[in-house]
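Order-wise, the sequence lines are chains U and R. Using the working numbering, read the first sequence as starting at 1 and increasing by one per residue. Using the working numbering, read the second sequence as starting at 795 and increasing by one per residue. Cβ coordinates follow ideal geometry from the N, Cα and C atoms, glycine included. Below: the structure, in structure tokens.
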Amino acid sequence: MAHFALNLLHNLEPKRDSYGFALRPQYAQRYREYSSIYREEENERSDKWSDFLEQLVKSSQPTSENEHEITLKAKPDEVGGDINPHRLSNGDDSSRRTFSELEVETNVVRASKGDDSSDRTTSGGTEIKEGTSPERVSEGDDSSGRNFISDITRGHNSGKELHHSEERKTRKVQRWAEIRPSLTAIEETLSSRVKKRKKMKGEQIKGNNNHLQSIEESELVDQDSSELFSHWKELEFLVQGGVPKDLRGEVWQAFVGVKARRVENHYEHLLACNESEEQDVPSAAFGKWKKQIEKDLPRTFPGHPALDENGRNSLRRLLLAYARYNPTVGYCQAMNFFAGLLLLLMPEENAFWAFVGIIDDYFEGYYTEDMIESQVDQLIFEELMRERFPKLVNHLDYLGVQVAWISGPWFLSIFVNIIPWESVLRVWDVLLFQGNRVMLFRTALALMELYGPALVTTKDAGDAITLLQSLTGSTFDSSQLVFTACMGFLTVTEATLRELREKHLPSVLGVIEERSKKGRVWKDSKGLATKLYSFKHDRGSLVEERKDTQGSDTAADEKEQLESHSSNIDELLNVDSELDSLPDLQDQVVWLKVELCRLLEEKRSAILRAEELETAFMEMVQEDNRLELNARVEQLEKEVADLQHILADKKEQEAAMMQVLMRLEQDQKVTEDARRKAEQELAAQKFEVHVLQEKYEKAMQSVAEMQKRVVMAESMLEATLQYESGQSKALSSPRAGRGQSPRSENPSRKIGLLSFGLGWRDKNKGKSNAEESSESVHNNGSPRNESDSQETDR
Amino acid sequence: MGCGSSLPDRDSRLLGRPTSENGGGQDAKNLRVKLVLLGDSGVGKSCIVLRFVRGQFDPTSKVTVGASFLSQTIALQDSTTVKFEIWDTAGQERYAALAPLYYRGAAVAVIVYDITCPESFSKAQYWVKELQKHGSPDIVMALVGNKADLLEKREVAIQDGIDYADKNGMFFIETSAKTADNINELFEEIAKRLPRPPVSSDVASQTAVR
Ligand SMILES: Nc1nc2c(ncn2[C@@H]2O[C@H](COP(=O)(O)OP(=O)(O)OP(=O)(O)O)[C@@H](O)[C@H]2O)c(=O)[nH]1
Ligand SMILES: [Mg+2]
Chain U
1 MAHFALNLLH NLEPKRDSYG FALRPQYAQR YREYSSIYRE EENERSDKWS
51 DFLEQLVKSS QPTSENEHEI TLKAKPDEVG GDINPHRLSN GDDSSRRTFS
101 ELEVETNVVR ASKGDDSSDR TTSGGTEIKE GTSPERVSEG DDSSGRNFIS
151 DITRGHNSGK ELHHSEERKT RKVQRWAEIR PSLTAIEETL SSRVKKRKKM
201 KGEQIKGNNN HLQSIEESEL VDQDSSELFS HWKELEFLVQ GGVPKDLRGE
251 VWQAFVGVKA RRVENHYEHL LACNESEEQD VPSAAFGKWK KQIEKDLPRT
301 FPGHPALDEN GRNSLRRLLL AYARYNPTVG YCQAMNFFAG LLLLLMPEEN
351 AFWAFVGIID DYFEGYYTED MIESQVDQLI FEELMRERFP KLVNHLDYLG
401 VQVAWISGPW FLSIFVNIIP WESVLRVWDV LLFQGNRVML FRTALALMEL
451 YGPALVTTKD AGDAITLLQS LTGSTFDSSQ LVFTACMGFL TVTEATLREL
501 REKHLPSVLG VIEERSKKGR VWKDSKGLAT KLYSFKHDRG SLVEERKDTQ
551 GSDTAADEKE QLESHSSNID ELLNVDSELD SLPDLQDQVV WLKVELCRLL
601 EEKRSAILRA EELETAFMEM VQEDNRLELN ARVEQLEKEV ADLQHILADK
651 KEQEAAMMQV LMRLEQDQKV TEDARRKAEQ ELAAQKFEVH VLQEKYEKAM
701 QSVAEMQKRV VMAESMLEAT LQYESGQSKA LSSPRAGRGQ SPRSENPSRK
751 IGLLSFGLGW RDKNKGKSNA EESSESVHNN GSPRNESDSQ ETDR
Chain R
795 MGCGSSLPDR DSRLLGRPTS ENGGGQDAKN LRVKLVLLGD SGVGKSCIVL
845 RFVRGQFDPT SKVTVGASFL SQTIALQDST TVKFEIWDTA GQERYAALAP
895 LYYRGAAVAV IVYDITCPES FSKAQYWVKE LQKHGSPDIV MALVGNKADL
945 LEKREVAIQD GIDYADKNGM FFIETSAKTA DNINELFEEI AKRLPRPPVS
995 SDVASQTAVR
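Following this line, the structure appears as structure tokens:
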């Protein structure tokens, strides 16, 4: 049935999720993808929870088997009556207290289909609500708007008054309702946290335990609910898996301890004050809050179907009542969303006390005028980030993005409007269960873990923030988020946070002090953040440490004194009757005057003392702060200097490298050129050698020829000589002396010819030498010419 | 020779780095500007931003918790672009404690009041003083009188706005997020008044590296 309802819803209202909250168009598609997963998860957890509660009831109330039976089987008149008697009436005042008013619309449709309650037995948890559906269906559209418990007046003068009286419990319906019995065991156990806290306040035990005790801290074991404790781990696990939609309002009340916090009739009283306030002149501060609340009412979940006129009236009443209930907080933007959310889940007065619990305990000091705790939390978160995600933080630093720019709004809005609603509710489930702000930190860290890697790729501040915003906005996988948060950051505990708080508080106080000193026009003992803070936190250490020189404690004393004076005045006014019995009116006046003077005197001295202490303390804080800042500045300066040094070194190295590289390259070029030139020369030389060789061979050939010719010439010469000698023999054989002289002549001629041949050869050799030298001259000459021409060019 | 060819590459990488350090394109042609919106709650800061960035007006905008971020780039006539990184802050007085976180380092502050609400005008003056004391010394400030469409409900005379802005060296304009009147003009005018990074600086850095 739920599925059906969801589907219908999407068709009808694609711009809103199943809780009625606006969906950003860019996420609508993803939401649709996840809604089936949500449905499955929801079914699963309903089963688990009903099993668990059944077990719990069995073990804690073994005698009341019947009651338990009733609870789980959800006999409508029993259970419904317990939770909300109205719901069962089929009158038109639908008393719908929870956020599921969207189902109203779908219920109407369902009715026409006629299958309203057929599959109602899916789980014990959901059964209860759905049991009421059929009636509502018959109501028609009329009921759809009345989601919030509207007002008493309307509820009682209408015709369905009858229905109320028919039921066993005719309460002022809608305003207040107890949670279902099956949850009371949890409620009682967890409420012990509230009681303890109250007791602590009452006895003024000193301690800086600002929050509810976390589960581990509260000594659940030594209560008689040790059996419950054995279920504890199981419950914790169930809570991490999510609280079923239909139980959520009541389970949250059990976690916050609404019942234990509630003071009967107090809410009515606060409302009455607000109504009578119309005539009186409201205090300046209250007037301001009222104005701001009026501005913010239409801007709280605008367009949410539950926040019609009645819904907004509820919201206004709750916020005004709270402002009156706790004037140290009054009203702060963001609270409107929380109140709105709670009103969607529970009756108005229940929502009020849940709201009180969350703002005053879980988020004490967060939404006050100075927002001290909120600022401290940012410093803590930044430290945790640096510790866990140094790379990411470095990158953000590099881009000039401060972590607190992003995480500030996350923490202040407790993720409302930051992540999808399913995830918001899942985170709140765990946060409210744990009783402190640990889950706030863990969730923020989980988001950074999930999206940090993507952020590291961004190039500028704007892109980084835009990306992170859009990624967180689409964190539809709420189970992944919650489990990452709960499992991944187990070392982030209340104890570690408390330590870090102590560490970072002074610097925040210092800054606030600085601001208030500058901005202050007139001195008001109340104006100082520090003082209020120390007042609130060291109140317990009053009397013993009265003489303590510590500014904060004494400031607290002073404050206390002032307060006691004002209560004196109250007493004074209250003893009017006593005064009446005094004989003379004039006496009374005199006495009163004296008293007044004394009080004024006291007040003045107190203020003076306060101022003194204030300045003293301011100085202390300043000194502290200055020292710390100085230290930090020094450290940073050192770091910067180191970095600059390193940078300079790097640059030098780089320059040196470049030079070396360049030189190498030049050298290489030079050698290359040289090589090329040498190669060319070699080639030229080879060529010359070749030419020479050829010439040599030619020369040799001609030499050989010459020799042949010489030989021929010799032989011819011999022949001629023989012929001549033959003739001369024949002619002058008797003249022997004559014959001798030519013979002596011949060898010399022979030698002459030979020497001629050799001389030619030598001559030829010399010629080739000359050729060679002329060539080289030519070679050398051409560059000279070039250079000459270059010179002329110039 | 392989070495020689890789040298120019290294060079260009060396030159590329400083530009990306400035956040990519922080040059004379493409400016990136951090802008913070301040002013009383309900004067329409968020509406102005939504009108400028998304072109929409939602009469039931959401309360701003802490601050919210949006960015928008506009092109000017001289073909420069300006990317505004806008921080829209929460208006309630107590959130003023967080404001320094957002206006620190901002190049532009837009201080908004509601012309139908004199109180918001004095709040605007408070912000001007605060920024003069604690903002960046060269911050460009604009004073904006919003809801100019509600003429019949006007309670702050336009001349008061002009005079105050003149006295404090601010740019003044009246806008309406509802009708979109003067919204783009507001941001364009701011863009024109931004101090430009010196054109020569990039060239100088290039030669310096060489
Ligand atoms: N008539 C008219 N109404 C406007 C204009 N701008 C804003 N509003 C209305 O004023 C309301 C408040 O505007 P926001 O933009 O939410 O105000 P804000 O300054 O952001 O307020 P905080 O977030 O609380 O600081 C809106 O809901 C609009 O209805 C405008 O130009 N004309
Ligand atoms: Mg806003």
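Neighbourhood of residue i by C-beta distance below 7 Å, restricted to the same chain and skipping five residues each side
i                        : result
arginine 990 of chain R  : Ala822
valine 904 of chain R    : Leu829, Leu831, Ala936, Val938
histidine 928 of chain R : Pro894
aspartate 82 of chain U  : With a pLDDT of 37 at aspartate 82 of chain U, under the threshold of 50, the modelled position of this residue cannot be trusted; read the value that follows with caution. Taken in chain order, the residues that qualify are Glu178, Arg180, Pro181.
leucine 412 of chain U   : Ala334, Ser374
arginine 948 of chain R  : Ile909, Thr910
leucine 980 of chain R   : Ala936, Val938, Ile967, Thr969
glutamate 41 of chain U  : Gly242, Ser479
Test item: CB-CB of residue i and residue j under 7 Å
i                            : j                            : result
tryptophan 252 of chain U    : leucine 432 of chain U       : yes
phenylalanine 915 of chain R : valine 876 of chain R        : no
tryptophan 289 of chain U    : alanine 323 of chain U       : yes
phenylalanine 476 of chain U : leucine 445 of chain U       : no
glutamine 375 of chain U     : valine 859 of chain R        : no
alanine 891 of chain R       : methionine 371 of chain U    : yes
glycine 838 of chain R       : asparagine 940 of chain R    : yes
serine 865 of chain R        : threonine 466 of chain U     : yes
proline 244 of chain U       : tryptophan 49 of chain U     : yes
glycine 357 of chain U       : valine 256 of chain U        : yes
glutamate 830 of chain U     : valine 403 of chain U        : Look at the range of chain U in this structure, 1 to 794, and you will see that residue 830 of chain U is not part of it.
methionine 346 of chain U    : phenylalanine 389 of chain U : no
Contact set for residue i: own chain, Cβ-Cβ below 6 Å, skip 5 residues either direction
i                            : result
glutamate 373 of chain U     : Gly365, Tyr366
phenylalanine 415 of chain U : Val424, Val427
threonine 874 of chain R     : Lys823
leucine 471 of chain U       : Tyr451
isoleucine 880 of chain R    : Leu829, Val843, Leu864
Minimum Cβ-Cβ distance from residue i to chain R less than 7 Å
i                       : result
aspartate 17 of chain U : no
lysine 526 of chain U   : Note that lysine 526 of chain U has pLDDT 35, beneath the 50 cutoff, so the model's placement of it is unreliable and the number below is only indicative. With 7 Å as the cut-off, lysine 526 of chain U does not count as an interface residue toward chain R.
glycine 241 of chain U  : no
leucine 579 of chain U  : Residue placement at leucine 579 of chain U cannot be trusted, given a pLDDT of 44 that sits under 50; the coordinates are not used to answer.
leucine 643 of chain U  : no
Any chain U beta carbon closer than 7 Å to residue i
i                        : result
glutamine 886 of chain R : yes
leucine 925 of chain R   : no
leucine 895 of chain R   : yes
serine 865 of chain R    : yes
alanine 891 of chain R   : yes
serine 930 of chain R    : no
glycine 836 of chain R   : yes
glutamate 913 of chain R : no
Assumed close pair residue i, residue j - CB separation to whole angstroms, cut-off 8 Å
i                            : j                        : result
leucine 450 of chain U       : threonine 484 of chain U : 7 Å
phenylalanine 965 of chain R : alanine 959 of chain R   : 7 Å
alanine 254 of chain U       : leucine 318 of chain U   : With a Cβ gap of about 20 Å, alanine 254 of chain U and leucine 318 of chain U do not count as contacting.
leucine 399 of chain U       : alanine 461 of chain U   : 5 Å
serine 840 of chain R        : aspartate 882 of chain R : 5 Å
valine 430 of chain U        : glutamine 622 of chain U : Actually they do not touch by this definition, with Cβ atoms about 40 Å apart.
Sequence-distant residues of the same chain with beta carbon closer than 8 Å to residue i, five excluded per side
i                         : result
isoleucine 293 of chain U : Arg316, Leu319, Leu320, Ala323, Tyr331, Asn336
lysine 986 of chain R     : Leu870
Subject >> Against chain R: residues of the segment 450 to 467 of chain U by CB proximity under 7 Å >> reply: The residues in question are Lys459, Asp460, Ala461, Gly462, Ile465, Thr466.
Original post:
Using Cβ-Cβ distances below 9 Å, what residues of the segment 851 to 862 of chain R are close to chain U?
Top reply: Asp852, Pro853, Thr854, Ser855, Lys856, Val857, Thr858, Val859, Gly860, Ala861, Ser862
Original post:
What are the residues of the segment 937 to 955 of chain R that lie near chain U, defined by any Cβ-Cβ distance shorter than 9 Å?
Top reply: none
Original post:
Which residues, in order along the segment 334 to 351 of chain U, keep a beta-carbon less than 8 Å from a beta-carbon of chain R?
Top reply: Ala334, Asn336, Phe337
Original post:
the segment 295 to 327 of chain U: which residues have C-beta closer than 7 Å to a C-beta of chain R, in chain order?
Top reply: The segment 295 to 327 of chain U vs chain R, Cβ under 7 Å: Lys295, Asp296, Pro298, Arg299, Thr300, Pro302, Gly303.
Original post:
Relative to chain R, which residues along the segment 395 to 415 of chain U have a C-beta separation below 9 Å, given in chain order?
Top reply: Taking 9 Å as the Cβ-Cβ cut-off, the segment 395 to 415 of chain U approaches chain R at Tyr398, Leu399, Gly400, Gln402, Ala404, Trp405, Ile406, Gly408, Pro409, Trp410, Phe411, Leu412, Ser413, given in chain order.
**OP:** Please name the residues in the segment 868 to 884 of chain R whose beta-carbon is closer than 8 Å to at least one beta-carbon of chain U, in chain order.
**Re:** Lys877, Glu879, Trp881, Ala884
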